[in-house]
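Structure, as structure tokens:
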Amino acid sequence: MQTAESDILTQIKAGDTGSFEQVYHAHCKALVRYANTILKNQDEAEDIVQQLFVGLWTKRDSLEVNTSLKSYLYKAVHNSSLNRIKQLQIKEGHNNQIEYVTEKYALSPNAVLDGKEVQEAIDTAIGELPDQCRIIFTMSRYQGLKYQQIADQMNLSVKTVENQMGKALKYLRTRLHDYLPSVIVMLLFGN
Amino acid sequence: MSDQKEYIDALIARYLAGEALPEEAMELEDWKADSADNLSYYLETSKAFELVYGLKQSDVDVQELFGKITGQIAQETEKTLTGSQIYESVKKRAEDKVINLSFTRFFTPMRVAATLIILAGMALLAVFTRNQSNNKEMAFETGPQAIEEKLADGSEVQLEKNSSMTLLAGYNGKERRIKLQGEATFKVTHDETKPFVIEAGGIFIEDKGTVFHVRAHAASDTLEVSVTEGQVDMYLDNQRISLTAGQSGWYIHAQGKLIEKQRALQEQAAQTFQFHFDNSTLDEVVKELNAKYPKQVQLGNQLLARCRITVDFNGESEEVVLAVIAETLGLTVEDTGSGYLISGSSCTQ
């Protein structure tokens, strides 16, 4: 039984904690995940979402949502996360966002398997990518460049960069399959 | 069809790289929720990404985060209300529904002096005046509305909806004992000479000067205590754990175990389990999952107990295991923070 979104918003404005909690539970995980992809830091991501929901409740009277509430939440997370990066970047004394991001991509050995074996497998797999794809991927992974920056440097469209990254990830996913937790085997009863 | 695949691959890559716009993130979440296959595909890609980029992913504790949110809201709203504003707002609420109103002095910090009687819908309340110990038991029960109570010793309780609590005879005499079923938040006036103990869900919860929340529904549920301020002990027989601000403790019925929540989840994350179900009933499946994972699973509907499934899992997280089971049988899984709930009216054959 889904309450229409506009109703939920009205209810929250009216002070209905149940609706507030409902919205929280419906979107919390996805929002933290989203913030985390931008911030590369779980604690920071949770903090962003925490402040978002605190603000949503304490400022509910003056809340003006033109799109859907869900849209509003995702946009807010996006904006806050980007702002937070700027803040952290200044705080940590980085000259630019690139340095900040590359530091987050540490080379950490896989805890379960032998670190060296995994790293070799990763290196080999990356080496097997088609040239342009490999170069683009390397710029993202090892130089921490954003898509627009890669596109500018290589004189390509952002769309091309996106597609190449998608292909790279897909290839690595299948190639490194053995190093990921196992696949599920399913048989439906009576099928 | 392959265009669609390419589109999704590019979308997932964008998302994981932190380049997704809000609409794109929403689109991806919708796509993931569409089928177990989509979800698996995303998870595998995400894991590959983590592996290659050297990132460590951890799950957000939804309930704990919500506790922080409500805690912060409480702090911020307290700051913005002055003493007289609080007086006015309480007096107004009382006037709307009062039977008998007795105000001595409201909201002196530290030691509260007010007494209120409010009859509201299904809720039952009783009268307290300061520093009086009661020789009888006093019972409180809520229906669809939560109630707030100030007890004889100055402690404050917010009893959530559909819950009940009983102050045992002699409360505020030599000790302060309460029996609780359901959910409540306690702000306890610390008094070492009069131990404050709650009996709930088969265990004991002892205040050590603090603000904490207890969730104890049916006896079979996992009982959860979340501490906002101070310290609380949970004990049963020879098990005892101490919790401080920001921590939560679980009593897992199926395992007879008291454990601090973060540790339970860490242990769970560090372990991978194998499951082999061959035409097993969902009842059996849930029992086996609950024997291994600290985060307990419940069936929302007893009819589902007889649904059957044949499936193997090898090294998957509890989240993925449940997602697959739910998808296979046409059911839904809900993460309640302290556990999981599988619901649906029937299973797909």
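Just so you know, the sequences run in chain order Y and V. Under our numbering, the first residue of the first sequence carries the number 1, and numbering increases by one thereafter. Under our numbering, the first residue of the second sequence carries the number 192, and numbering increases by one thereafter. By construction, the Cβ of each residue, glycine as well, lies at the ideal position given by its N, Cα and C atoms.
With burial defined as no fewer than 16 other Cβ atoms inside 10 Å of the residue's Cβ, what is the status of residue i: buried or exposed?
| i | result |
| --- | --- |
| V303(V) | Only weak support is given to the placement of V303(V): the predicted model assigns it a pLDDT of 30, under 50, and the value that follows is read from those uncertain coordinates. Label assigned to V303(V): buried. |
| G258(V) | buried |
| I260(V) | buried |
| L188(Y) | In this prediction, L188(Y) scores a pLDDT of 27, lower than 50, which makes its location untrustworthy; the coordinate-derived value is nonetheless stated afterwards. It is exposed - the Cβ of L188(Y) has fewer than 16 other Cβ atoms within 10 Å. |
| E255(V) | buried |
| S157(Y) | exposed |
| I90(Y) | exposed |
| H467(V) | exposed |
| S275(V) | Interpretation of S275(V) is limited by its pLDDT of 45, a score under 50 that renders its predicted location unreliable; the figure taken from the coordinates is listed afterwards. Exposed is the call here. |
| Q248(V) | exposed |
| K365(V) | exposed |
| V416(V) | buried |
| Q487(V) | buried |
| L212(V) | exposed |
| S6(Y) | exposed |
| Y142(Y) | exposed |
| A496(V) | exposed |
| D398(V) | buried |
| S237(V) | buried |
| E46(Y) | buried |
| S226(V) | exposed |
| S193(V) | exposed |
| D61(Y) | exposed |
| A204(V) | buried |
Measure how close the beta-carbons of residue i and residue j come, nearest whole angstrom, since I'm counting them as under 8 angstroms.
| i | j | result |
| --- | --- | --- |
| M165(Y) | I135(Y) | Rounded, the Cβ-Cβ distance is 11 angstroms, inconsistent with contact. |
| K522(V) | G535(V) | In the sequence under discussion, the amino acid at residue 522(V) is Leu, which differs from the Lys named in the question. Rounded, the Cβ-Cβ distance is 4 angstroms, consistent with contact. |
| Q430(V) | T401(V) | So it is not a contact: roughly 20 angstroms between Cβ atoms. |
| V511(V) | C28(Y) | Contact doesn't hold; Cβ gap of about 19 angstroms is too wide. |
| D344(V) | R368(V) | In fact, because the Cβ distance is near 12 angstroms, the residues do not count as touching under 8 angstroms. |
| A445(V) | N470(V) | That pair is no contact at about 23 angstroms. |
| E347(V) | E374(V) | With 8 angstroms as the limit, E347(V) and E374(V) do not qualify as a contact, their Cβ atoms being about 15 angstroms apart. |
| L39(Y) | I85(Y) | 7 angstroms |
| Q438(V) | E451(V) | 6 angstroms |
| F387(V) | M356(V) | F387(V) to M356(V), Cβ: 13 angstroms. No contact. |
| E215(V) | L202(V) | 6 angstroms |
| L513(V) | V524(V) | 5 angstroms |
| M217(V) | Y74(Y) | 5 angstroms |
| L145(Y) | M154(Y) | About 10 angstroms; that fails the 8 angstroms criterion. |
Can the beta-carbon of residue i be found less than 8 angstroms from the beta-carbon of residue j?
| i | j | result |
| --- | --- | --- |
| I394(V) | L449(V) | yes |
| I122(Y) | L242(V) | yes |
| L532(V) | Q489(V) | yes |
| E162(Y) | Y147(Y) | yes |
| E509(V) | Q462(V) | no |
| F240(V) | L169(Y) | yes |
| K370(V) | L359(V) | yes |
| L52(Y) | S80(Y) | yes |
| T172(V) | H404(V) | The requested residue 172(V) is not part of the displayed model; chain V covers only 192 to 540. |
| V77(Y) | E267(V) | no |
| A391(V) | L427(V) | no |
| Q263(V) | Q87(Y) | no |
| I500(V) | V477(V) | no |
For residue i, report the span of its beta strand (DSSP E) as first-last.
| i | result |
| --- | --- |
| Y426(V) | L414 to L427 |
| Q87(Y) | Unbroken run through Q87(Y) is the alpha helix (DSSP H), L69 to K91; no beta strand (DSSP E). |
| K399(V) | I394 to A407 |
| E339(V) | I338 to K341 |
| K434(V) | Reading off the sequence, residue 434(V) comes out as Leu, not Lys. Q430 to T435 is the span of the beta strand (DSSP E), which, as asked, contains L434(V). |
Since residue i sits in a beta bridge, which residues does DSSP pair it with?
| i | result |
| --- | --- |
| M154(Y) | Beta-bridge pairing links M154(Y) to no other residue. |
| F226(V) | Here the sequence assigns Ser to residue 226(V), which means Phe is not the residue at that position. Its beta-bridge partners do not exist; DSSP assigns none. |
| T357(V) | A330(V) and K370(V) |
| A391(V) | L371(V) and I394(V) |
| S534(V) | T523(V) |
| W441(V) | E415(V) and I450(V) |
| E347(V) | K341(V) and K378(V) |
| V145(V) | Because chain V is modelled from 192 through 540, residue 145(V) falls outside the range shown and cannot be assessed. |
Could you please give the first and the last residue of the uninterrupted alpha helix (DSSP H) stretch that includes residue i?
| i | result |
| --- | --- |
| D526(V) | That residue, D526(V), is in no alpha helix (DSSP H); its beta strand (DSSP E) goes T523 to D526. |
| D503(V) | Note, D503(V): premise wrong, no alpha helix (DSSP H); beta strand (DSSP E) at R499 to E507. |
| L52(Y) | Q42 to T58 |
| D469(V) | Unbroken run through D469(V) is the beta strand (DSSP E), F464 to T472; no alpha helix (DSSP H). |
| A211(V) | No alpha helix (DSSP H) holds A211(V); DSSP gives it neither H nor E. |
| V32(Y) | T17 to L39 |
| Y142(Y) | D131 to Q143 |
Would the C-beta of residue i count as close to the ligand NAP, meaning under 7 angstroms from any of its heavy atoms?
| i | result |
| --- | --- |
| V158(Y) | As far as ligands go, the structure on display features none, and thus does not contain the ligand NAP. |
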